[in-house]
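Trainee: This structure is in structure tokens; I'll ask about it shortly.
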Amino acid sequence: MSGIALSNLKKSYGDTDILHGIDLEIKNGEFAVFVGPSGCGKSTTLRMIAGLETVTSGEIFIGDQLVNDVQPKNRGIAMVFQSYALYPHMSVYDNMAFSLKLRKMPPGEVQKRVRSAADTLELTKMLDRKPSALSGGQRQRVAMGRAIVRDPEVFLFDEPLSNLDATLRTQMRAEIKELHQRLKSTIVYVTHDQVEAMTLADRIVIMRGGKIEQSGTPEDVFHNPASMFVASFMGSPPMNLAESTVYDNGAEKGVNINGTVSIISSEDSPLSSKAGDRVVFGIRPEDIVPDFESDINNKNWTASVKVDLIELLGSTKLFHFHIGTNKFIGKAGGRSNIEPGQVISVVMDMRHARYFDPETELIIR
Amino acid sequence: MIFPILQVIEYSFYDNVIVTSDSTFVGFDNYKELAFDPIFWTSIFNTIIFTVGSVVGHLVVGIFLALLINSPIHPVPRAIFRTLLVLPWLFTAVVVALNWQLLLHPFGIINYALKDFGIIDSHVDWLGDESVAMATLLVISIWRGYPFLMISFLSGLQSIDKSMYEAAKIDGAGWFRIFFSITIPQLKPIIYGVALLDLIWTFQLFPLVWLTTGGGPGRATEVLSTYTYRFAFVDFEFSKASTVAVILLTFTAVLTILYLRKGKGKSEI
Amino acid sequence: MSANQVVAGDVTSIKKSTGRSIISLSTRERINRAFIYLGLIISSAVVGFPVYWMISVSLRPNHETFALPPKLIPDNISFDAYFKVFRDDAFITYFVNSYMLGIIVTILSVILGTLVAYSFTRYRFFGDGIAKTFVITTQMVPAITLLIPYFGVIVLLGLYDTTAGLILTYLSFSLPYCIVMMTGYLKTIPKDFDEAAIIDGCSRIKVLYKIIMPLALPGMASTAIYTFLLSWNEFLFALALTRSEDMRTLPVGISMFIGEHSLKWDEMMALSALGSIPVIIMFIVLQRYFVSGLSTGGVKG
Ligand SMILES: Nc1ncnc2c1ncn2[C@@H]1O[C@H](COP(=O)(O)OP(=O)(O)O)[C@@H](O)[C@H]1O
Ligand SMILES: [Mg+2]
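Chains Y, D and W, in that order, give the protein sequences.
No gaps in the numbering here: position 213 of the first sequence is 363 in the numbering used here, and each next residue is one more.
No gaps in the numbering here: position 196 of the second sequence is 275 in the numbering used here, and each next residue is one more.
No gaps in the numbering here: position 44 of the third sequence is 772 in the numbering used here, and each next residue is one more.
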């Protein structure tokens, strides 16, 4: 088992710079998830770790070994592709055995490994079938099986679940998580789905435009986003963001949204900016609740708003409202009696409010 | 491919190429000589008749049969008829020529049948009589060449969105209306592309003409390609042959440019 | 049969299968259909007659060829003509030459074509465009125009009247064609397979023969058959670039036959039929590919 270290890793295609210097350390046994919008360079990074793309500059270490010039097959990695890339002309068994045979492993050992992987993945009955005779979920499992049999130091996954329907995706997500807990190998997993990232990761690496925007535990990136981008990328619905002005009348300090609503900041999330500064005020939907459902008594944090729209998600209800031109979403219990058009009093839990610099879009500490 | 083309153009400005090693540059002499050669003009005229006649025939027969095959009939007879109707295209030119020589033989079955029906009085030497040779050649060429267009039109017809026909029917259009307002316009790019391609190929067609009539009788069916061949491999006048070849090439190039311009986006090439 | 056709299996057959059957077809529709079938039958008869006659004549003694009145069905069917053809060394030579030329040209150009096409699709190359232009020119430039300089070069190289000369000539046409066709096929095979195989431990060459070639097999097969037919049917170059009887391909052989044995119609027709069989079989097997291949200009008249 081994960890991975990327140091000032850069990639360009001709004149186009795709990765602008990635520094990252993934610990041995860690489940690291790269997440970010499409085209931000996640796959490129992963493929460079795999050895499928050349390194323009910088260094890649797997374990203690500098692997920049090591062939993919000698990097101790296995990869699961988005398309699965199962060889259509080979049976499930042969697909899984292919890499082992290429390594000239004794046939007995090959068979043992493939059987055991097939057992784990419940593929034993399908070993003689061709990939075309399998369902999407089964193909996915074969793709994982092909990786598992090699017993690699590092697993690389590139959006492995994006071709599955929603139910299957949830199920396979759990299986991958389980697999990791059992094998305890290092995993680098690429997805554009933040829910997948949150549920799977020991460590989330959020990328944007060829750079790492933030890297940390799921809790960390969710509750303490380093930037407006992270705040709006993670969470569904994302964090509410609104331009506001800082005010300070000596007794109390807070933000004024759109000249209409002033909310006093909390000691737990102190506001360091000066009065008159423009800041972007951010608060998660779960921290905006109807007054009648809230156990917070701080009347400074309440506002009276008109509900524009209700979205019932089952256990919760999202309610949309606006303050001036800024749209907000709050979360109420699934059984709350709120109607569109109704004026309700909402509480914003300012202990969890975050403030961002409108210029740099970074968090203000 | 550029090299041989340049080479043949170069040949056309020299005398005695290939056969002797001391060929001399003669400028446009070969071209001038050709311009005063009545056979050259005959062969241009014949080529145009042959090409236009063949292509029009291919188009008419091809569209007609494609429509017949594409009409709502059971898929099994459809497949059988389609295969039958493609047959002529599968024979190599030599076989076609031989086959028709047998059919058109003065004592052959066609003469017999036509006489029996009272269409002709006495046996006609279809390929040996100057007055009918070109017409006969055209029939053979049409028979041989229409399947290519038929198959292309058929695949075009099958790619027309069926819902368009349904919409037109609901709008109350009759068969005639549907044919001219939907089928033909939808098929137009294919018709255009395939017709040009056919034009290009028929214009330069050699084996069929050479093997059925050899350009004769006399020069009645001499086309540019047979004329070139005759110069080169009968008279060993490679310079003159090159000159005719270059003229043939020029015609084809014009057609090809047309084809590439208009055919873009619709077909692969 | 293509999916299209199954769909076009159409109104009538759907009605049949739902049991409301022919009764629901209006009389008018039935008359229409009768006319369609009539049209198809007449056209097929007219178009197919020469073919029928070829076979029919090949199966009767030569003296019955022009019997009066002509017999549509020969009195005695005899395979004598076929036996004679098979016993004639010259004919055997033509067949052997045509098959040998076709097979050599096909194998060489499909294998080379696949290799080149693979590098076109997997590494970015400018050559793709060149091969395409090449194919277009060979399709459009009159064969007779190319023949003259080819003749010059072949004579210069001392390859006149040799198999090597013909192979070289045919390769110059078929190789670009194979490259373009195979590039098209290989493009449809996702690069993921290559990459998965590389991670699994394959070298580039192994990727090609263990993964790509098996997947490209249908494409290679139809390209091969096209190439074979191209060579099998070729007449002009085979005629002009050879001289001796030993070098003649089937089409050239048959064409010489016209002059040399012009009275033996039964044998000539038998030879024609035999020469056409490979093409017809290949066409029937590959109908589907033929139509799509048309657009890439596979079969020139
Ligand atoms: N072979 C290539 N040539 C040029 N640009 C490429 C190539 N591969 C990827 N790119 C570009 O690199 C960027 C990052 O791609 P990728 O890593 O695949 O993004 P994603 O985060 O969606 O996986 C994209 O803008 C893409 O257009
Ligand atoms: Mg990607």
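Heads up, the beta-carbon is just placed ideally off N, CA and C, and yes, glycines get one too.
Please read all numbers here as calculations on a predicted model, not as lab measurements.
1. Residues of chain Y with a CB under 7 Å from the CB of Thr906(W): which are they?
2. Is any beta-carbon of chain W found at less than 7 Å from that of Leu314(Y)?
3. Taking the CB atoms as reference points, tell me whether Tyr225(D) and Val140(D) lie closer together than 7 Å.
4. Met996(W) touches chain D at which residues, Cβ-Cβ below 7 Å?
5. I'd like the span of the beta strand (DSSP E) that includes Tyr505(Y), first residue to last.
6. Could you confirm whether any beta carbon from chain W is found closer than 7 Å to the beta carbon of Arg279(Y)?
7. If you reduce the DSSP assignment to three classes, tell me which class His472(Y) lands in.
8. Mind listing the chain W neighbours of Tyr584(Y)? Cutoff is C-beta to C-beta under 9 Å, in chain order.
9. Of all Cβ atoms in chain D, is any one closer than 7 Å to the Cβ of Ile953(W)?
10. Could you tell me whether any non-hydrogen atom of ligand 1 is closer than 6 Å to the CB of Gly208(Y)?
11. State whether the segment 905-915 of chain W contacts the segment 834-849 of chain W, with contact taken as three or more CB pairs (one from each stretch) at a distance under 8 Å.
12. With respect to the alpha helix (DSSP H) encompassing Met240(Y), which residues constitute its N-terminal and C-terminal limits?
13. I'd like the list of long-range same chain contacts for Gly294(D), defined as Cβ closer than 6 Å, with 5 residues on each side in sequence excluded.
14. Any heavy atom of ligand 2 closer than 6 Å to the CB of Ser193(Y)?
15. Quick one: using the 10 Å Cβ neighbour count with 16 as the cut-off for buried, is Leu144(D) buried or exposed?
16. Output needed for Tyr237(Y): all residues of its chain with C-beta closer than 6 Å, excluding positions within five of it in sequence on either side, in chain order.
17. Roughly how far, in whole angstroms, is the beta-carbon of Ser249(Y) from the beta-carbon of Pro918(W), given that I think they are within contact range, below 8 Å?
18. On a CA-only basis, which of Glu489(Y), Gly226(Y), Phe184(Y) is nearest Phe469(Y)? Give me that one, please.
19. Name, please, each residue of chain Y whose Cβ falls closer than 7 Å to the Cβ of Gly929(W).
20. Do three or more CB pairs link the segment 413-422 of chain Y to the segment 489-509 of chain Y at distances below 8 Å?
21. For ligand 3, any of its heavy atoms closer than 6 Å to the Cβ of Gly366(Y)?
22. Please indicate yes or no: does the CB of Tyr339(Y) lie closer than 6 Å to some heavy atom of ligand 1?
23. Ligand 1 heavy atoms versus the CB of Tyr851(W): any closer than 6 Å?
24. Could you tell me whether any Cβ in chain Y is nearer than 7 Å to the Cβ of Pro942(W)?
25. Quick one: any contact between the segment 798-812 of chain W and the segment 949-969 of chain W, if contact means 3 or more CB pairs under 8 Å?
26. Given the structure, does Ile926(W) come close to ligand 1, in the sense that its CB is under 6 Å from one of the ligand's heavy atoms?
27. Gly830(W) and Met1066(W) - do their beta-carbons sit closer together than 7 Å?
28. By Cβ distance, which residues of its chain are closer than 8 Å to Ala247(D), with the 5 residues on each side in sequence left out?
29. Between the Cα of Asn450(Y) and those of Asn406(Y), Asp308(Y), Gln492(Y), Gly426(Y), spot the shortest distance and give me the residue it belongs to.
30. Taking CB distances under 7 Å as the criterion, tell me whether Gly83(D) reaches chain W.
31. Along chain D, which residues have their Cβ under 7 Å away from the Cβ of Met782(W)?
32. Output needed in chain order: residues of the segment 911-927 of chain W with a Cβ under 7 Å from some Cβ in chain Y.
33. Please determine whether the Cβ atom of Ile168(Y) lies at a distance below 6 Å from any heavy atom of ligand 1.
34. Hey, does His97(Y) have any beta-carbon neighbour from chain W nearer than 7 Å?
35. Taking Ser318(D) as the reference, give the member of Leu936(W), Pro979(W), Val844(W), Pro877(W) with the closest Cα.
36. So what does DSSP say about Ala228(Y), is it helix, strand or coil?
Mentor: The short version:
1. Contrary to the premise, residue 906(W) reads as Cys rather than Thr in this sequence. Within chain Y, not a single residue places a beta-carbon under 7 Å from that of Cys906(W); the smallest gap is close to 22 Å.
2. no
3. yes
4. Leu177
5. It spans 504-506 - the beta strand (DSSP E) in which Tyr505(Y) sits, taken as one unbroken run.
6. No, Arg279(Y) lies away from the interface with chain W (no Cβ there is under 7 Å from its Cβ).
7. Here His472(Y) carries a strand assignment [DSSP, helix/strand/coil].
8. Residue 584(Y) is absent from the structure shown; chain Y starts at 151 and stops at 515.
9. no
10. no
11. yes
12. Looking at the DSSP string, Met240(Y) is not in any alpha helix (DSSP H), and its letter there is neither H nor E.
13. Thr300, Glu301, Thr305
14. yes
15. Buried, because 16 or more other Cβ atoms sit within 10 Å of the Cβ of Leu144(D).
16. Asn245
17. About 19 Å separates the two Cβ atoms, so there is no contact after all.
18. Glu489(Y)
19. Lys223, Ser249, Leu252, Arg253
20. yes
21. Annotation note on ligand 3: not contained in the displayed structure, which lists ligand 1 and ligand 2 as its ligands.
22. no
23. no
24. yes
25. no
26. Annotation for Ile926(W) indicates a beta carbon at 6 Å or more from all heavy atoms of ligand 1.
27. The requested residue 1066(W) does not occur in the structure, where chain W is confined to residues 729 to 1029.
28. Arg256, Ile257, Ser260, Ile261
29. Asn406(Y)
30. In the sequence as presented, Gly is not what sits at residue 83(D); that position holds Pro. Closer than 7 Å: yes.
31. Asn178
32. Residues Pro918, Asp920, Phe921, Glu923, Ala924, Ile926, Ile927.
33. yes
34. Any answer about residue 97(Y) is impossible in this case: the structure gives chain Y only from 151 up to 515.
35. Pro877(W)
36. In the three-state reduction of the DSSP assignment, Ala228(Y) falls in the strand class, which pools E and B.
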